[in-house]
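Report on the structure given below.
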Amino acid sequence: MTDTLATFTPPTRFAVPGRIAVSNRAAALWQTATLTEIRRETPHAATYRFAVPAWAGHLPGQHLMLRLTAEDGYVAQRHYSIASAPDDEGYIELTLDHVEGGEVSGWFHTVARPGDQVEVRGPLSGFFAWPGDRPALLIGAGSGVVPLMSMVRHHRARRSDVPLRLLVSARSPEELIYASELGAETTPVFTRSAPPGVPVGRMAAAHVAPLLAEQPEGGWEAYVCGSNAFAEHASRLLVAAGQPVDRIRIERFG
Amino acid sequence: MNVTRGFTGRARVHNAGLPPGQYDAGDDWPVLSAEVTPELSPADWTFRVDGLVEEPRTWDWKEAHALPGSVYEGDIHCVTSWSKFGVRFGGVSLDAFLDVVRPQAAATHVVAYSHTGYTTNLPLADLTGGRAWIAWEFDGKPLSSEHGGPARLLVPHLYFWKSAKWIAGLRILDHDEPGFWEQNGYHARGNPWEEQRYSGD
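Top to bottom, those sequences are chains A and B.
The first sequence: position 170 = 170 (this note's numbering), numbered continuously.
Position in the second sequence (from 1) plus 1000 gives the number in this note's numbering.
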């Protein structure tokens, strides 16, 4: 990032600055990532662990671009959020949904095995990054929990006392990614079926209001990740509950 | 070339309109805005062009619609790698606005900004000559808010993050200033045909 240029600040309601400066060198370079482990998370999602020895390190919430190359030179590339916390050991993890007809996620779910090599470049974008400094209110649905889990893991690894809460929506307990890892910081919301005694239904104002009622000093930095429909819904709930629009960061699938 | 074992990919599309590394999203039109979709009605919408111009000017909805209409029919390309073919946007060519404000000789770049505060930078040359629009219709219908309605910038020959949603104005400059994604590692120009995705590409 250049730091010699002043940046124009528009005379409009709010500006949403990035949380961190981004290394252009890391973003420009394709690196080989060797698959070392596959872990099933849910019937539709699995975690893929890669060795990337020269990985420059990332912050929770950042993503990367991954590419697969066919024998005829055909290339497919996709953006994926990084699931693992930064660990400086040269490993990263991605958790991928098996998208119907998805040529990249389809390869991962039906062909990939440890030892396979793909290419990645990143980490990318500082906007959705959480450096661990500000109280964080994380709201996700489905595989939208992936970058948020990187934040939760980072928070735990650092034994941080910065307030952090995760509100996560899944269709059912079986579809809740990282279910066994979620702790007291997490409130799950189930939209199709739930454990006995837990209501079934869409994320609502009643889920968001208590979190905004217990605002930490300085307020929450909100991170929303999921489909566009979910992101629209969740961000409206946040705004209605009083969260300032310039403290809401959104990452939508696509 | 690092071939991925067992990867064949989807059926090859020999489409001369598909830039390198892109795929045809078909009927999908993903929404990727990083901020909350604003509730902005046409009555509240304004569009201003100022900076290095002879006559800074703000248009409201009615005034902008009084300019000669113009249509873009063609393709759009998102940096996340989807492209969408055969879209049809209606609005006004940016030339019509620039003809009124008259950029000064020293003008080289533009920061486009949204009613949300989103910014993106472009060379002025990419916004002139019938290659950029203020668009308020898609497929003959009002542009929806999640796609940037009531009106967005449309610069279809560059990656689509340059086509700022909820467009509020252009600041004309004599130098380049990185916008929102450009400060976050994305390319200053974003030409899909040269795969200018990230800074350094």
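Even for Gly, the Cβ is constructed at its ideal location relative to N, Cα and C.
Keep in mind the model is a prediction, meaning the values are calculated, not measured.
Check whether residue i and residue j have beta carbons under 7 Å apart
i: L64 of chain A; j: V104 of chain A; result: no
i: P60 of chain A; j: H154 of chain A; result: yes
i: T95 of chain A; j: A85 of chain A; result: no
i: A1034 of chain B; j: I177 of chain A; result: no
i: A1016 of chain B; j: W1082 of chain B; result: no
i: C225 of chain A; j: G102 of chain A; result: no
i: L50 of chain A; j: L66 of chain A; result: Residue identity check: residue 50 of chain A is Phe in the sequence provided, not Leu. Not in contact: F50 of chain A and L66 of chain A (Cβ atoms no closer than 7 Å).
i: Y168 of chain A; j: G140 of chain A; result: In the sequence as displayed, the identity of residue 168 of chain A is Val instead of Tyr. In this structure, G140 of chain A lies closer than 7 Å to V168 of chain A by Cβ.
i: F1138 of chain B; j: F1089 of chain B; result: yes
i: A112 of chain A; j: F1007 of chain B; result: no
i: V1110 of chain B; j: L1170 of chain B; result: yes
i: P1056 of chain B; j: H1115 of chain B; result: no
i: V1087 of chain B; j: I1076 of chain B; result: yes
i: W220 of chain A; j: L137 of chain A; result: yes
i: A33 of chain A; j: R40 of chain A; result: no
i: W1136 of chain B; j: A1151 of chain B; result: yes
i: G1179 of chain B; j: T1128 of chain B; result: no
i: G90 of chain A; j: V52 of chain A; result: yes
i: I1172 of chain B; j: P1068 of chain B; result: no
Residue i to residue j span [Cα, whole Å]
i: D72 of chain A; j: G1009 of chain B; result: 10 Å
i: I1134 of chain B; j: D87 of chain A; result: 46 Å
i: A231 of chain A; j: I248 of chain A; result: 11 Å
i: E1182 of chain B; j: E1195 of chain B; result: 15 Å
i: A1168 of chain B; j: S1070 of chain B; result: 19 Å
i: A1106 of chain B; j: Y1118 of chain B; result: 25 Å
i: D1044 of chain B; j: T186 of chain A; result: 39 Å
i: S1214 of chain B; j: H109 of chain A; result: For residue 1214 of chain B there is no data in the structure shown, the boundaries of chain B being 1001 and 1201.
i: S1041 of chain B; j: N1184 of chain B; result: 30 Å
i: G126 of chain A; j: Y1186 of chain B; result: 10 Å
i: A229 of chain A; j: Q77 of chain A; result: 24 Å
i: W55 of chain A; j: G1200 of chain B; result: 18 Å
i: P1020 of chain B; j: G1148 of chain B; result: 26 Å
i: G142 of chain A; j: S180 of chain A; result: 15 Å
i: R1189 of chain B; j: W1029 of chain B; result: 22 Å
i: K1084 of chain B; j: Y1023 of chain B; result: 9 Å
Residue environment, residue i, which counts as buried when at least 16 other CB atoms sit within 10 Å
i: L1158 of chain B; result: buried
i: K1062 of chain B; result: exposed
i: H233 of chain A; result: buried
i: Q243 of chain A; result: buried
i: P147 of chain A; result: buried
i: Y1198 of chain B; result: buried
i: K1165 of chain B; result: buried
i: M1001 of chain B; result: exposed
i: R252 of chain A; result: buried
i: P1192 of chain B; result: buried
i: P195 of chain A; result: exposed
i: T1058 of chain B; result: exposed
i: V118 of chain A; result: buried
i: K1141 of chain B; result: exposed
i: D1027 of chain B; result: exposed
i: H58 of chain A; result: buried
Three-state secondary structure assigned by DSSP to residue i
i: V145 of chain A; result: helix
i: Q1183 of chain B; result: helix
i: P210 of chain A; result: helix
i: H1147 of chain B; result: helix
i: F1138 of chain B; result: strand
i: N1121 of chain B; result: strand
i: S180 of chain A; result: helix
i: L1098 of chain B; result: helix
i: W1082 of chain B; result: strand
i: E971 of chain B; result: Since the first and last residues shown for chain B are 1001 and 1201, residue 971 of chain B lies out of range.
i: W30 of chain A; result: coil
i: A231 of chain A; result: helix
i: V1036 of chain B; result: coil
i: W1193 of chain B; result: helix
i: A45 of chain A; result: strand
i: W1133 of chain B; result: strand
i: V1092 of chain B; result: strand
i: M151 of chain A; result: helix
i: R113 of chain A; result: coil
i: S1070 of chain B; result: strand
i: S105 of chain A; result: helix
i: L1158 of chain B; result: coil
i: E1055 of chain B; result: coil
i: P1042 of chain B; result: helix
Expected contact under 8 Å - CB spacing of residue i and residue j to nearest Å
i: L164 of chain A; j: V208 of chain A; result: Their Cβ separation, rounded to whole angstroms, is 16 Å, which puts L164 of chain A and V208 of chain A out of contact at 8 Å.
i: L29 of chain A; j: R159 of chain A; result: Actually they are not in contact, since the Cβ atoms of L29 of chain A and R159 of chain A sit about 33 Å apart, beyond 8 Å.
i: F1097 of chain B; j: V1053 of chain B; result: Their Cβ separation, rounded to whole angstroms, is 10 Å, which puts F1097 of chain B and V1053 of chain B out of contact at 8 Å.
i: A1132 of chain B; j: V1100 of chain B; result: With a Cβ gap of about 15 Å, A1132 of chain B and V1100 of chain B do not count as contacting.
i: H44 of chain A; j: H98 of chain A; result: 5 Å
heavy atom of the ligand PLP below 6 Å from residue i C-beta
i: I177 of chain A; result: In terms of ligand content, the structure shown is empty, and the ligand PLP therefore cannot be addressed.
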